[in-house]
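One structure below.
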Amino acid sequence: MGRLTDAQVAQFKTDGVLVAEGVLDDSDLAPIIEGYTRWIEAKAQELAIPDQASNEPFERRFARLHAQNKDIERGMDVMNARLPEFFAFLHCQNLLDAVQQLLGTPELIASPIQHLRGKVADTSEGSYFNVPWHQDAAVTWEEADHSEIITCWLPLVDATVENGCMEILPGVWKQGVLPHIGGAGGATIRPDALPEVAPLIAAVKKGGVVFMHRCTPHHSTPNLTDTVRWSLDLRFQPTGTPTGRPWQPSFVVRSEANPESVETDYNAWVAAWVEALSKPAPQKSAHRTG
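The C-terminal residue of the sequence shown carries number 402 in the numbering used here, and the numbering is unbroken.
Dropping the structure here:
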């Protein structure tokens, strides 16, 4: 697990996207699932949701709860929930082995731009669950335009066409950052600037990872099922390069040159996020729209 083939690395460097199955073990993902199962249980009780759907599996319970009270999703994202299982997963060796191959360096930091999504059935455009066409570079400041940032999108359940996997435009990363405009779902590529390229349907099984260049356009599709498409959206980059979010915490997750620099203190990570979230947002938006 974790190691990519030379052909896969070459494909990523050509297309700016790689759908790689079997990167992670069930044991890599189980703690994340257990942590969010615990979080959902506590949140459902806090909200006193009438039907707690306690007998439903992880793939279905959140959808049942969300249908009754949409507040179940509040505070769920990684920087708010700050679960120890998530912090530990940012050091996942199988994942970092693959990232190291793609970036060509063992000196790696975790970007502060990390998300968890529990995607329920929702066909409305521009919703939190249906992200429009965009490049991840468009949600960072220009300082990161030369940083080799890799997005790692990984499902906690099988991501299928039916439950809303991503569509991705291969090869377009070579055009750099495209013009974006604001929208209900956040920064989106201006329609007239969206390249006419046949999209890659990025269905991927649990344990697989979709790796993307920061300038690779992608969007999500609607979940048409009664289950939840759970996914993590993580970013890693070489140590010492700008993240494009200087007001949010990044930290070293792997280093051969200076192993002592790797952040292993969960409480320090929590404290860094609490401090960052307690401060006013910068006047300049992270989303590049205009």
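Think of the CB as a built atom: it goes at the ideal place given N, C-alpha and C, for glycine as much as any other residue.
Spatial neighbours of Gly238 in its chain, beta-carbon cut-off 7 Å, leaving aside the 5 residues before and after
Low local confidence applies: a pLDDT of 49 at Gly238 is under 50, so the model's placement there is unreliable, with the coordinate-based value given in what follows. So the list reads Pro244, Gly295, Ala296, Gly297, once near-sequence residues are dropped.
Exercise for the section: Please state whether DSSP places Arg400 in a helix, a strand or coil. Expected result: coil
**Q.** Segments of 4+ residues assigned as alpha helix (DSSP H) that fall wholly inside the segment 123-159
**A.** 138-158
- Okay, do the segment 163-173 and the segment 324-334 touch, 3+ Cβ pairs below 8 Å being the bar? Two segments are said to touch when three or more pairs of C-beta atoms, one from each, lie closer than 8 Å; by this definition the segment 163-173 does not touch the segment 324-334.
Worksheet entry | Rounded C-alpha distance that separates Gln349 from Ala160 | Cα to Cα, Gln349 sits roughly 41 Å from Ala160.
>> In the DSSP output, which residue or residues are listed as bridge partners for Ser343?
In response: Arg229, Pro267
Kindly indicate which three-state DSSP category Pro350 falls into: helix, strand or coil?
strand
Problem set entry | Delimiting residues of the beta strand (DSSP E) encompassing Arg366 | 363-366
Fill in: CA nearest to the CA of Ala193, picked from Val374, Gly147, Trp359
Looking at the Cα atoms, Gly147 is the closest of the given residues.
- Item | Close-in-space but distant-in-sequence residues of the same chain around Pro354 (CB under 7 Å, 5 per side omitted) | So the list reads Glu255, Ala256, Ser259, once near-sequence residues are dropped.
How big is the Cα-Cα spacing for His292 and Val382? Computed Cα separation, rounded: 32 Å.
Can you tell me whether Glu133 is buried or exposed? The criterion is at least 16 other CB atoms within 10 Å of its CB, across all chains shown. exposed
Tell me which residue opens and which closes the beta strand (DSSP E) that Ser332 is part of.
From DSSP, the beta strand (DSSP E) with Ser332 extends over 330-332.
**Report entry** Start-to-end residues for the alpha helix (DSSP H) that takes in His178
**Finding:** 170-180
Margin query: Measuring straight from C-alpha to C-alpha, what distance separates Leu141 and Gly283?
Written below: The alpha-carbon separation between Leu141 and Gly283 amounts to approximately 30 Å.
Q. Leaving out five residues before and five after Ala249 in sequence, what residues of the same chain have Cβ atoms less than 6 Å from its Cβ?
A. Val289, Arg326, Cys327
| Of the listed residues Glu168, Ile221, Ala393, Leu214, nearest to Asp118 (C-alpha basis) | When only C-alpha atoms are compared, the closest one is Leu214.
query = Rounded to the nearest angstrom, how far is the Cβ of Pro224 from that of Gln395, given a contact under 8 Å?
reply = About 18 Å separates the two Cβ atoms, so there is no contact after all.
message = Within the continuous beta strand (DSSP E) that includes Met191, where are the two ends?
response = Note, Met191: premise wrong, no beta strand (DSSP E); alpha helix (DSSP H) at 190-193.
Using the Cα positions of Ala369 and Ile313, report the straight-line distance between them to the nearest angstrom. 39 Å
List the DSSP bridge partners of Val321. According to DSSP, which records beta bridges pairwise, Val321 is partnered with Ala132.
Through-space distance from Ala156 to Val121, alpha-carbon basis:
43 Å
Alpha carbon to alpha carbon, how far is Asn167 from Pro196? Give it in angstroms, no decimals.
-> 25 Å
- Task: Compare the Cα-Cα distances from Leu207 to each of Gly402, Arg347, Pro358, Val374 and report the closest residue.
- Result: Arg347
Check your understanding: Is Cys204 closer than 9 Å to Leu130 when the C-beta atoms are compared?
Key -> no
C-alpha gap between Thr272 and Ala315, whole angstroms:
5 Å
Exercise for review: Kindly indicate the opening and closing residues of the alpha helix (DSSP H) around Glu372.
Suggested key: First-last for Glu372: undefined, no H or E at that position.
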